[in-house]
Amino acid sequence: MEINCETVEHLADLSNFSVSDAENKSLQKDLSEILKYISQLDEVDVSDIEPTYQVFEMENVWREDEILKQEALREDLLALSKEQRDNQIKVPKVL
Amino acid sequence: MKIANSKVSAVRLVEDALKKAHEFEDYNIFTFLNDEGALKKAREIDEKIARGEKVGKLAGVPYALKDNFLSPEGETTASAHILQGFTSPITATAVKKLEDEGAIMIGRTNLDAFAHGSSTENSYFGPTLNSHDKARVAGGSSGGSAVAVALDIVEFATGTDTGGSIRQPASFNGVYGFKPTYGCISRYGVVAMASSTDCVGFFTKTPDDMDLLMSIANGKDSKDLTTLDDYYNSQSDFSRLAPSRPSLRGSGAHSAPVVADGLEKSDLRIGIIKEFDNDSVDSEIRKALKEKCKLLESKGYEIVELDMPALKYALAAYYIIVPAEITSNLSRYDGVRYGFRSENSSDLNGLYANTRDEGFMPENKRRIMIGNFVLSSGFYDAYFLKAAKVRTLIVKEYENAFSKCDFILTPVSPNPAFKLGEKVDDPVAMYLEDLMSVSLNLAGVPGLAIPAGKNSDGLPIGLQIVGPRRSDKNLIEFANELKEGA
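Protein chains in written order, with our numbering: chain A, 1 to 95; chain B, 1001 to 1486.
Rendered as structure tokens:
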């Protein structure tokens, strides 16, 4: 699998960042090498093997739907953002 | 470890630690030094002692906190530009447990940004230098924590281990580094990297200190539903190991299962992995492993050779599964709610893209992009699903191994600390550092990096002891058998 300029742009788009032309070039090389390495899994026969996504086979853990005391107050959390107005986080225009 | 009491004051312990931290500034260990906060806490503890009040098991013990644990003391940055300016309003459960026992955080330590790396060179703050050779890397991602303990600045340090980030820097600096069983210590308030493999653990100078910290930090947390009940403190002896394993000694009647209660420490069987005994591993590290095996044999332990061919594929599976989880976990960094926000954006989408573009390090970007690649339609089955199936093979390989032995002794990494800059432009070469550490995270089993002497250049050599899930306490106890001069 060859990673070209368009693939890098597509992946950058999915990742929500932009890449410069110079970055694109070095990413083509780096990502191609990484893909080459991870593609060695092609050698492994996994027919009839179930996937493992987490190791303790945990099921959903249920609790009562109750209001718990929170460590952080609303104003503490809002204060973490760069700009606020009327108790809300302010961002540039959406459209 | 030295704990404050009526003879040694907490202020003295903390002042000494802070003094050393400032003396070793050129190693670039800390992202924040807690001079005032630490001394204030130390005075409070001394007052309690003076009043004859009860103090905790870690009263006045100075420690270093990897900068991906949230607490209101200092900014929590994960050594990433995108978190600059973020001071957490909440405290990680692990931090709270340590501080409830009186431990005092004297500083936050440097890491590869978001713990993505094996050298601490991918930090926004620049690399931490190796404790034994300043021209070499500290290892990573918990490089700052490892060096803080190795240089004797603090009694212990916290770390996180997603694929080797505690064990490899521990081995590069000649200290103990423990990655517990998955789910043993709460991750609430720890910056997430890969949720199915992330573990909280510690760096210490002795196995006994590790045991003390584990006994305090482990256990169920309603704020992290992947945590396990406290099994750690109920493991007081070796009797819980290998309950149905064939008998080892005596009559040779190997069919009769050993009665669990009858198992003595000296009955333990130690496995070594054939696949790691070849030229891909530094010859002096292999020699150190063989010497430890001889030491164990002289003490009556049986050494068994293990075939674990699936481990060869652990690294490839890891570098599919972990980037996939990183992609998801790092999608939250958008510049809106906390941390760094790019200044030059005319609309919201531009703000996301510019913030992430300027805020992530190159390795963060590579991992996010690989994650998006292996999860995207058309590639999901060939990469992510395949890797998840290979993970099953690795889990089974460990289960099978632990039916033949109690612990496994292996190298931590294929080489001792390498030169600064040597691998930073070659991502695959850097990934290969994790060759022998990642399989534990995929299988959820615990591993303890132990110091095993130095090589001919004076660099520390590390080995790791691997045990079955939930064998953490026994594993740490067993490390005493392998101590230098033991």
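Positions of the beta carbon are idealized from the N, C-alpha and C atoms, including for glycine.
Just so you know, these numbers come straight off a predicted model, no measurement behind them.
**Message:** Any beta carbon from chain B within less than 8 angstroms of Ile-67 (chain A)'s own beta carbon?
**Reply:** For the purposes of this step, residue 67 (chain A) is taken as residue 67 along the first sequence, with counting starting at 1. Output row for Ile-67 (chain A): interface = no.
**Prompt:** Measuring CA to CA, which of B:Lys-1205, B:Pro-1323 and B:Cys-1199 is closest to Ala-1217 (chain B)?
**Reply:** Within the second sequence, residue 1217 (chain B) is the residue found at index 217, counting from 1. Looking at the Cα atoms, B:Cys-1199 is the closest of the given residues.
**Prompt:** Can we say the stretch 1186-1194 of chain B touches the stretch 1314-1331 of chain B, given the rule of at least three CB pairs closer than 8 angstroms?
**Reply:** Touching, yes, given that three or more Cβ pairs across the two stretches are closer than 8 angstroms.
**Asked** When the Cα atoms are used, what is the spatial distance from Ala-1256 (chain B) to Tyr-1188 (chain B)?
**Response** Stepping through the second sequence from its first residue, residue 1256 (chain B) is reached at position 256. Stepping through the second sequence from its first residue, residue 1188 (chain B) is reached at position 188. Unreliable positioning characterises Ala-1256 (chain B) in this predicted model, as indicated by a pLDDT of 34, which lies under 50. The coordinate reading is nonetheless provided below. If I take the Cα positions, the gap works out to 44 angstroms.
**Proximity winner among B:Lys-1223, B:Thr-1077 and B:Val-1011, relative to Pro-1061 (chain B) (alpha-carbon distances)** = The count along the second sequence starts at 1 and reaches residue 1061 (chain B) at position 61. The sequence shown places Val at residue 1061 (chain B), rather than the Pro named in the question. Nearest C-alpha to Val-1061 (chain B): B:Val-1011.
**Asked** What do you get for Lys-1129 (chain B), buried or exposed, if any count of 16 or more other CB atoms within 10 angstroms of its CB means buried?
**Response** The sequence position of residue 1129 (chain B) within the second sequence is 129, counting from 1. Correcting the residue type first, residue 1129 (chain B) is Leu in the shown sequence and not Lys. Leu-1129 (chain B) comes out buried.
**Item:** Where the beta strand (DSSP E) containing Phe-1203 (chain B) begins and where it ends
**Value:** Looking up residue 1203 (chain B) in the second sequence gives position 203. That run of the beta strand (DSSP E) goes 1199-1204.
**Message:** Considering only their Cβ atoms, is the gap separating Tyr-37 (chain A) from Ala-1388 (chain B) smaller than 8 angstroms?
**Reply:** Stepping through the second sequence from its first residue, residue 1388 (chain B) is reached at position 388. Stepping through the first sequence from its first residue, residue 37 (chain A) is reached at position 37. Judged by beta-carbon spacing, Tyr-37 (chain A) lies beyond the 8 angstroms limit of Ala-1388 (chain B), meaning their Cβ atoms are not closer than that value.
**Request:** Closer than 8 angstroms by beta-carbon distance: list the chain A residues that pair up with Thr-1162 (chain B), in chain order.
**Result:** As a first step, residue 1162 (chain B) is located in the second sequence; it is residue number 162 there, counting from the start. When 8 angstroms is used as the limit between beta carbons, Thr-1162 (chain B) is near no residue of chain A, the shortest such separation being about 13 angstroms.
**Item:** Pairwise C-alpha distance: Leu-1083 (chain B) and Leu-1070 (chain B)
**Value:** Here the question's residue 1070 (chain B) lines up with position 70 in the second sequence. Here the question's residue 1083 (chain B) lines up with position 83 in the second sequence. Their Cα atoms are separated by approximately 12 angstroms.
**Asked** From Asn-1372 (chain B) to Leu-14 (chain A), what does the alpha carbon distance come to, in whole angstroms?
**Response** Residue numbering aside, residue 1372 (chain B) sits at position 372 when the second sequence is read from its first letter. Residue numbering aside, residue 14 (chain A) sits at position 14 when the first sequence is read from its first letter. The C-alpha of Leu-14 (chain A) is placed about 7 angstroms away from the C-alpha of Asn-1372 (chain B).
**Message:** Which same chain residues end up closer than 6 angstroms to Asp-1161 (chain B) when comparing Cβ atoms and leaving out the 5 residues on each side of it in sequence?
**Reply:** What you label residue 1161 (chain B) is simply residue 161 of the second sequence in a count that begins at 1. If we look at Asp-1161 (chain B) and ignore the five residues flanking it on each side, its Cβ neighbours are Lys-1179, Cys-1199 and Gly-1201.
**Under 7 angstroms by beta carbon: chain C residues contacting Gln-54 (chain A)** = No chain C appears in the structure shown, which is made up of the protein chains A and B.
**Message:** For a cutoff of 8 angstroms on Cβ pairs, would you count Lys-1220 (chain B) as touching chain A?
**Reply:** Sequence index remark: in the second sequence, residue 1220 (chain B) carries index 220 (1-based). By this cut-off, Lys-1220 (chain B) is not an interface position.
**Request:** Kindly list the residues whose CB is nearer than 6 angstroms to the CB of Lys-1057 (chain B), restricted to its own chain and excluding five residues on each side of it in sequence; keep chain order.
**Result:** Counting from 1 along the second sequence, the entry for residue 1057 (chain B) is found at position 57. So the list reads Glu-1101, once near-sequence residues are dropped.
**Message:** For Asp-30 (chain A), tell me which candidate among B:Ile-1370, B:Val-1466 and B:Arg-1469 has the shortest Cα-Cα distance.
**Reply:** Walking along the first sequence from the start, residue 30 (chain A) turns up at place 30. Nearest option by C-alpha distance: B:Ile-1370.
**Below-8 angstroms beta-carbon distance, Met-1369 (chain B) vs any chain A residue** = In the second sequence, the residue the question calls residue 1369 (chain B) occupies position 369. Interface residue, yes.
**Prompt:** Should the stretch 1339-1354 of chain B be regarded as contacting the stretch 1302-1317 of chain B, the criterion being three or more beta carbon pairs within less than 8 angstroms?
**Reply:** Judged by Cβ distances under 8 angstroms, the stretch 1339-1354 of chain B makes no contact with the stretch 1302-1317 of chain B, as fewer than three pairs qualify.
**Prompt:** So does the stretch 1135-1151 of chain B actually touch the stretch 1407-1427 of chain B, counting three or more Cβ pairs closer than 8 angstroms?
**Reply:** With a cut-off of 8 angstroms, the stretch 1407-1427 of chain B and the stretch 1135-1151 of chain B count as touching, because enough Cβ pairs lie within range.
**Request:** Return the residue from the list B:Asp-1229, B:Glu-1291 and B:Ile-1045 that minimises the CA-CA distance to Glu-1099 (chain B).
**Result:** Within the second sequence, numbered from 1, the residue matching residue 1099 (chain B) stands at position 99. Comparing Cα-Cα distances from Glu-1099 (chain B) to each of B:Asp-1229, B:Glu-1291 and B:Ile-1045, the minimum goes to B:Ile-1045.
**Prompt:** For the stretch 21-41 of chain A, which residues have a beta carbon sitting closer than 9 angstroms to at least one beta carbon of chain B?
**Reply:** Correct list: Glu-23, Ser-26, Leu-27, Asp-30, Leu-31, Glu-33, Ile-34, Leu-35, Lys-36, Tyr-37, Ile-38, Ser-39, Gln-40 and Leu-41.
**Item:** Sub-8 angstroms separation of Pro-1427 (chain B) and Arg-1366 (chain B) beta-carbons
**Value:** On the second sequence, residue 1427 (chain B) is found 427 positions in, with the first residue counted as 1. On the second sequence, residue 1366 (chain B) is found 366 positions in, with the first residue counted as 1. The beta carbons of Pro-1427 (chain B) and Arg-1366 (chain B) sit closer together than 8 angstroms.
**Prompt:** For Lys-1179 (chain B), which of helix, strand or coil comes out of DSSP?
**Reply:** Translated into the one-based positions of the second sequence, residue 1179 (chain B) becomes position 179. It is a strand residue.
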